[in-house]
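Notes follow once the structure below has been shown.
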Amino acid sequence: MEHTEHSIDPVQEQQEHIKRRAVLQAAIGVGVGLSVLSTLYVGVGFIPKVVITPEKEPVKAGDVLVWAQGAKAGQDITPADLQAAQKSDPPFIIAYPKNPENNVVKSQLATNTIMVMQLEPSSLSPETAKYAAQGIVAYSAICKHLGCTISQWKNNVWHCPCHGGEYDPRQGAKVVAGPPPGPVPQLPIKLEGNRIVAAAGFLFKPGADV
Amino acid sequence: MYKWLDERLDLHRLNSKLFRKAFPVHHTFFLGEITLFAFVVLVLTGVFLTLNYEPSIREVTTPDGQKLPAAYASILYIDSLPFGAVIRSLHHWSAHIMIAAAFLHMIRIHLSGAYKKPRELNWLVGIGLLVLAIVTAFTGYALPFDNYAITATKIGYEIGAAAPWVGGVLVNILFAGEFSNTNTQMIPRLFSVHVLWLPLTLIALIGLHLLIMVKQKHTQPKYAERVSPGKILGVPALPSQGIMAGILFLVYVAVATLIAGIFLAHPVQAYGPPTANTPAVKPDWYFLWIYGILQMIPSNWKFELLGATFGPQFWGGIFVPTLIILGAAAIPFIDTQPHKQRYLELPSQHPGRTSFVIGMLMFYIMATLAGYKIDLNLPNALLWVLVLFVPILTGVVAYVILRAFYGKASQESQVGGLQGSAADD
Chain A
1 MEHTEHSIDP VQEQQEHIKR RAVLQAAIGV GVGLSVLSTL YVGVGFIPKV VITPEKEPVK
61 AGDVLVWAQG AKAGQDITPA DLQAAQKSDP PFIIAYPKNP ENNVVKSQLA TNTIMVMQLE
121 PSSLSPETAK YAAQGIVAYS AICKHLGCTI SQWKNNVWHC PCHGGEYDPR QGAKVVAGPP
181 PGPVPQLPIK LEGNRIVAAA GFLFKPGADV
Chain B
1001 MYKWLDERLD LHRLNSKLFR KAFPVHHTFF LGEITLFAFV VLVLTGVFLT LNYEPSIREV
1061 TTPDGQKLPA AYASILYIDS LPFGAVIRSL HHWSAHIMIA AAFLHMIRIH LSGAYKKPRE
1121 LNWLVGIGLL VLAIVTAFTG YALPFDNYAI TATKIGYEIG AAAPWVGGVL VNILFAGEFS
1181 NTNTQMIPRL FSVHVLWLPL TLIALIGLHL LIMVKQKHTQ PKYAERVSPG KILGVPALPS
1241 QGIMAGILFL VYVAVATLIA GIFLAHPVQA YGPPTANTPA VKPDWYFLWI YGILQMIPSN
1301 WKFELLGATF GPQFWGGIFV PTLIILGAAA IPFIDTQPHK QRYLELPSQH PGRTSFVIGM
1361 LMFYIMATLA GYKIDLNLPN ALLWVLVLFV PILTGVVAYV ILRAFYGKAS QESQVGGLQG
1421 SAADD
């Protein structure tokens, strides 16, 4: 008998064998797992690099508000334009900021879409009036709910057509109806001659609240 | 010729093993086939569309001098081709039909109890297929690159971004960064996801779904138990079932093309290229219930936890749909019966389950109705009552009615059913 010559009995040998097998299996498993995990690093490439061009810079103090669309796209918005808009539907203008130094319209950042309108100065809440000029208020046009452009006027307030969010521009864009989780940020403005100029950036972060 | 092939490929064995597979005949068994036909038509029309579509937003000048994004302009070009608009429309309607047929197929499986052991796995694959089909449809939304498509996709983007912790990375991968009309990488990314990666995944899952079905065999219609208990009853896959399926496919193509020709889908020309204005959008019917729930959730449902925001978008757009998908996946594990499932169960004899399905359908209908909140000027409180209580009420009424009319039959057949299945095994 072969086994009699060995000092290890068959049962113990088998146990040793099982132990060796387990160690090898664990080693192979860890090896395969690590190589699969290392390929995940490729996944970093799925997220493109963000390149900030002059068209994509966020609005900042000194930027001039210009028409975002229509026949006058790219031209300065004047108080006369806003008065004329009051009688139209919707009674406000969608604007983009323009950098006055290089004349680049910052239209390629969605959160730079701004609604600007003229209201009765006495109807504004004190907090809102602080950042307005002669009743002219400017707010981010991107709904806090799911990022649509608010762009409509209903029930005498701003109306987002996507899920029915409503904001009162007289009271710091307070949510008066619908699901938006909070107000849209106001853009402090001042008048410089016939131009509407941002006095600072948005009061808080624009864009959908997620 | 047959002999030549048979010697090399052993066609005889294939014929006797696979093509003689018995297909039980019941009209509700065609719902799965219709889903498959819709998918085949989607692939074929999709091939046509990809050959003429330009997945880019570079500015091109059309022959009449307009400056337009290339993707938008290429849709106008497709519409100008012979039958181009009809084929694009057929692609659109087939997506709707595929999702509708898959949904009805799922209800059929649910009502007849065909999800039970040993078919839990295929029920899960089926739910995966339905969700994947809807995601695939969604990734095709933005491709026409008109104002409506972009707005609708934007809503989906923000819903994805509202997923706690992982949402940001998820939408960055799917949409190639920030969602924007000017993001040049977004349309090429969505294009490859929509025409390549998701369809490939769908094909793989459909293959798995069918393989499991062939392995486990169809459930038998109730009459099979009467005609020949314990035996598999049906027509052979080839030629009989093949001919039926072939005819049904042709009927499907004919009907879907008729619909596509009469109701041309998604008029990109009318919507125009993307602008800063938001049109009043409504999602497709299979998202309308989520859209409805999103409008009902009040703005103050919001808290933060470990850096993630749980706002109204999360509750309406992520939480409720996820809950329903998980609930659906759990059905075969909640309803466990010890015996092997071979025959279809009649919905009338399982009042609990049937009234649950009716109640859920009522929930979808009521949530969809909530999608018309603005149009119909419905108050929010009323919508909450409709969405929460009407489905429960409907379920209870359905249960009472089913019990009253079929209660006695149900008891008898349950005894019979148990005996029958015991004999099978």
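Heads up: the protein sequence lines correspond to chains A and B, in order.
One point on numbering: in my numbering, the residue at position 68 of the first sequence is 68, and numbering is uninterrupted.
One point on numbering: in my numbering, the residue at position 185 of the second sequence is 1185, and numbering is uninterrupted.
Note that the Cβ used here is the ideal one computed from N, Cα and C, for glycine as well.
Under the Cβ criterion of 8 Å, HIS163 (chain A) is counted among the residues facing chain B. Within the stretch 1296-1369 of chain B, the complete beta strand (DSSP E) segments at least 3 residues long are 1303-1305 and 1308-1310, listed from N- to C-terminus. Closer than 8 Å to the CB of SER88 (chain A) there is not a single CB belonging to chain B. The continuous beta strand (DSSP E) containing TRP153 (chain A) extends over residues 152-154. Relative to the Cα of THR1062 (chain B), the nearest Cα in the group B:SER1056, B:PRO1055 and B:TYR1072 belongs to B:TYR1072.
Within the same chain, Cβ atoms closer than 6 Å to the Cβ of GLU1059 (chain B) are found at LYS1067, the five residues on either side in sequence being excluded.
Using a C-beta cut-off of 8 Å, the stretch 139-156 of chain A makes contact with the stretch 90-105 of chain A, since at least three inter-stretch Cβ pairs fall below that distance. Comparing alpha-carbon positions, the option among B:ALA1022, B:TYR1286 and B:GLY1140 lying closest to GLY1046 (chain B) turns out to be B:GLY1140.
Linking GLY1207 (chain B) to LYS1021 (chain B) through their CA atoms gives a straight-line distance of about 17 Å. Taking the Cα of GLU1304 (chain B) as reference, the smallest distance to any Cα among B:ASP1064, B:TRP1165 and B:ILE1155 is reached at B:TRP1165. Scanning the stretch 1062-1139 of chain B for uninterrupted alpha helix (DSSP H) segments of 4 residues or longer gives 1070-1080 and 1084-1111, listed from N- to C-terminal end. Contacts with chain B at 8 Å (Cβ-Cβ) include GLN108 (chain A).
For the stretch 110-196 of chain A, the continuous alpha helix (DSSP H) assignments of 4+ residues that do not extend past its boundaries occur at 126-130, in sequence order.
Non-local C-beta neighbours of PRO1024 (chain B) in its own chain, meaning closer than 7 Å and more than five positions away in sequence, comprise HIS1218, GLN1220, PRO1221, ALA1224, LEU1233 and GLY1234, ordered along the chain.
Going by DSSP, LYS1154 (chain B) is part of no beta strand (DSSP E) but of the alpha helix (DSSP H) stretching over 1147-1161. Close partners of LEU1294 (chain B) in chain A (Cβ separation under 7 Å): HIS163 and PRO179. Residue-level contact check: SER125 (chain A) does not touch chain B, since none of the beta carbons of chain B fall below 8 Å from its beta carbon. For ASP209 (chain A), the nearest beta carbon of chain B is closer than 8 Å to its own beta carbon.
Under the DSSP definition of a beta bridge, VAL1195 (chain B) lacks any partner. Looking at the DSSP output, VAL44 (chain A) sits in no beta bridge, so it has no partner there. The secondary-structure analysis by DSSP pairs GLU1059 (chain B) across a beta bridge with B:PRO1069. Close CB contacts of ALA1152 (chain B) within its chain, under the 7 Å cut and outside five residues either way in sequence, are with TYR1141, VAL1281 and PRO1283 (chain order). At a Cβ-Cβ threshold of 8 Å, ALA177 (chain A) and GLU166 (chain A) count as neighbours. Listed as beta-bridge partners of LEU65 (chain A) by DSSP are A:PRO97. Under the DSSP assignment, TYR1223 (chain B) falls in the alpha helix (DSSP H) whose first and last residues are 1222-1227. Against chain B, the beta carbon of SER151 (chain A) has neighbours under 8 Å at ALA1276, ASN1277 and THR1278, listed in chain order.
According to DSSP, ASP76 (chain A) shares a beta bridge with A:VAL66. The residue from B:PRO1267, B:VAL1320, B:ALA1038 and B:LYS1017 with its alpha-carbon nearest to that of VAL1251 (chain B) is B:ALA1038.
With respect to chain A, the C-beta atom of GLU1158 (chain B) has a partner C-beta closer than 8 Å. Buried is the label assigned to ARG1342 (chain B), since at least 16 other Cβ atoms lie within 10 Å of its Cβ.
The Cβ-Cβ distance between ILE136 (chain A) and VAL157 (chain A) does not fall below 8 Å.
Counting only residues of its own chain and dropping the five nearest sequence neighbours on each side, ILE1087 (chain B) has a CB closer than 6 Å to the CB of THR1045 and PHE1048. Pairwise C-beta distances place the stretch 94-112 of chain A in contact with the stretch 124-144 of chain A, as three or more of them are shorter than 8 Å. For VAL1047 (chain B), the uninterrupted alpha helix (DSSP H) segment begins and ends at 1030-1052. Around LYS72 (chain A), the same chain offers ASP81 as residues with beta carbons nearer than 8 Å, after the five sequence neighbours per side are excluded. In its chain, beyond the 5 residues on either side, LYS144 and ASP209 have a beta carbon closer than 6 Å to the beta carbon of PRO181 (chain A).
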